[in-house]
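Numbering (the working numbering), first residue to last: -14 to 91. The beta-carbon is built from N, C-alpha and C at its ideal position, and this holds for glycine as well.
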Amino acid sequence: MPRPHLGRESIMRLVLSALAAVAAATAMAAAPLAAAHAEEVIACETVDASQMPIVMGFTCMTIKRGPVTQLRIIDAATRSVYSCRTGQAGGVLWVRGEDCEKTSGS
């Protein structure tokens, strides 16, 4: 069943609430390691996790391009969060997470 198209305002609300939750959890859990590891958080309108541990996101809220480490991909439609060790970002078009696991969401 195709997912309904989300408007930009709806996506931004979802992204902001998801980022706030992730930031709070990450800050508490990673406070001792904050200086050593910066985590990239990218929310995408569509996420395909059918090839786990590889997760693909499309129409993403980032300008990041190139390799990324310690990556969290957020599915804006379902609020699912995937934590990945490494990956690649293609700006707003796509993101590919590798060695991922689902950490929250439906």
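query, result
"Hey, how far is the Cα of lysine 87 from the Cα of glycine 51?", "22 Å"
"For glutamate -6, does the three-state DSSP call read helix, strand or coil?", "helix"
"Indicate whether isoleucine 59 and alanine 34 have their beta-carbon atoms separated by less than 8 Å.", "no"
"List the whole-angstrom C-beta distance separating glycine 82 from valine 40, where the pair is believed to meet the contact cut-off of C-beta under 8 Å.", "4 Å"
"By Cβ distance below 6 Å, which residues in the same chain neighbour glutamate 89 in space, the five residues on each side in sequence not counted?", "First, the amino acid is wrong: residue 89 is serine here, not glutamate. If we look at serine 89 and ignore the five residues flanking it on each side, its Cβ neighbours are Val66."
"Hey, how far is the Cα of leucine 30 from the Cα of valine 80?", "The residue asked about is misnamed: residue 30 is glutamate in this sequence, not leucine. Their backbone Cα atoms lie some 11 Å apart in a straight line."
"When we look at the beta-carbon of glycine 72 and count the other beta-carbons within 10 Å, is it buried (16 or more) or exposed?", "buried"
"Figure out for me which residue from Cys45, Ile48, Asp84, Glu(-6) has the closest Cα to the Cα of threonine 54.", "Asp84"
"Any beta-carbon of chain B closer than 8 Å to the one on threonine 44?", "Among the chains in the structure shown there is no chain B, since it carries only a single protein chain."
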